[in-house]
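Novice:
Residue numbers (my numbering): 6 to 297.
Shown next, in the form of structure tokens:
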């Protein structure tokens, strides 16, 4: 299993800069490969991402029958394009990934699997073909990204394994995990080589690590993301709503903007890597005090 550096380290500092952070994010491969690419981080106004070169999509649709019953076969598209993408959990991050993927691959099919039909009309309006989680694709797709949280399922690793069953083995399978799996809690440095939380200590970390294991076993990649945020979503909005924060002012936060996480996800998938672990953060930690 290879480990790949996205940000050189999650660095803890008592004097970090304020948000937002218009800083370069560099992703490098192990020494066995000379391939190197960068994903620019967001500032306001939002900057345009530098994208990897890609081939055109050969997507085509046949038929129009879609099943919304869990476990049923999704059969509205019988011909799979070389850039077709399945997003399991098309929430905030997943929808941004869909938008960027469609920009990179015009004409491709983007599928989105959800826990309920509540937001299916919204997804359709965004050009995403919706179905319920656990729906089997009529044809396996070359690209799959799993970005659903573990909070709404009793068998998260099993859900990840089922999503992998819809992957053709071509392209890329990417699982968005969390830096919460790292055993770093002393305000020191934590990088991609840092140890993870031992199984049994943290139920949250256990679930994520077991899901990661499933992904790596099938040849997929794992992207461990720092705290996601945007203007109206993230730790800062939680604290503002709470009013009083019971936390040390020098408590360190490691963050990455949703837009950057989406750009990074797309860049990783386009590399078609196998069995790699990535760490995604902006490499500029800040204290809880400075985030207000």
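Where a beta carbon is used, it is the ideal one built from N, C-alpha and C, also for glycine.
All values reported here derive from a predicted model rather than from experimental measurement.
(1) DSSP state of residue 118, grouped into three classes?
(2) In the structure shown, what three-state DSSP assignment does residue 283 receive?
(3) For residue 98, which of 139, 174 and 181 has the nearest alpha-carbon?
(4) Within 10 angstroms of its Cβ, does residue 157 collect 16 or more other Cβ (buried), or is it exposed?
(5) Put residue 110 into one of helix, strand or coil per three-state DSSP.
(6) What residue range is occupied by the uninterrupted beta strand (DSSP E) comprising residue 229?
(7) Between the stretch 111-119 and the stretch 85-95, do three or more beta carbon pairs fall short of 8 Å?
(8) Would you kindly work out how many angstroms separate the C-alpha atoms of residue 287 and residue 183, rounded to a whole number?
(9) State buried or exposed for residue 285, treating a residue as buried only when at least 16 other CB atoms are found within 10 Å of its CB.
(10) Can you round the beta-carbon distance between residue 148 and residue 88 to whole angstroms, since I take them to be within the 8 Å contact cut?
(11) Do residue 269 and residue 225 come within 8 Å of each other at the CB atom, strictly closer than that value?
(12) From the DSSP output, in three-state form, read off residue 131 for me.
(13) With a threshold of 16 other CB atoms inside 10 Å of the CB of residue 168, please say whether the residue is buried or exposed.
(14) With the cut-off set at 8 Å, would you say residue 165 and residue 85 are in Cβ contact?
Specialist: The relevant details are as follows:
(1) Strand.
(2) Strand at residue 283.
(3) Cα-wise, what sits closest to residue 98 is 181.
(4) Sixteen is the threshold: since fewer than 16 other Cβ atoms of the shown chains lie within 10 Å of the Cβ of residue 157, the residue is exposed.
(5) In this structure, DSSP gives residue 110 a state outside helix and strand, which the three-state scheme calls coil.
(6) The continuous beta strand (DSSP E) containing residue 229 extends over residues 226-230.
(7) Cβ pair count under 8 Å is three or more, so yes.
(8) Straight-line spacing of the CA atoms in residue 287 and residue 183 works out to 14 Å.
(9) Label assigned to residue 285: buried.
(10) Right, their Cβ atoms sit about 7 Å apart.
(11) Annotated as distal: residue 225 and residue 269, with beta-carbon spacing of 8 Å or more.
(12) In the three-state DSSP reduction, residue 131 falls in the coil class, being neither helix nor strand.
(13) Buried, since its Cβ has 16 or more Cβ neighbours within 10 Å.
(14) Judged by their CB atoms, residue 165 and residue 85 are not nearer to each other than the 8 Å cut-off.
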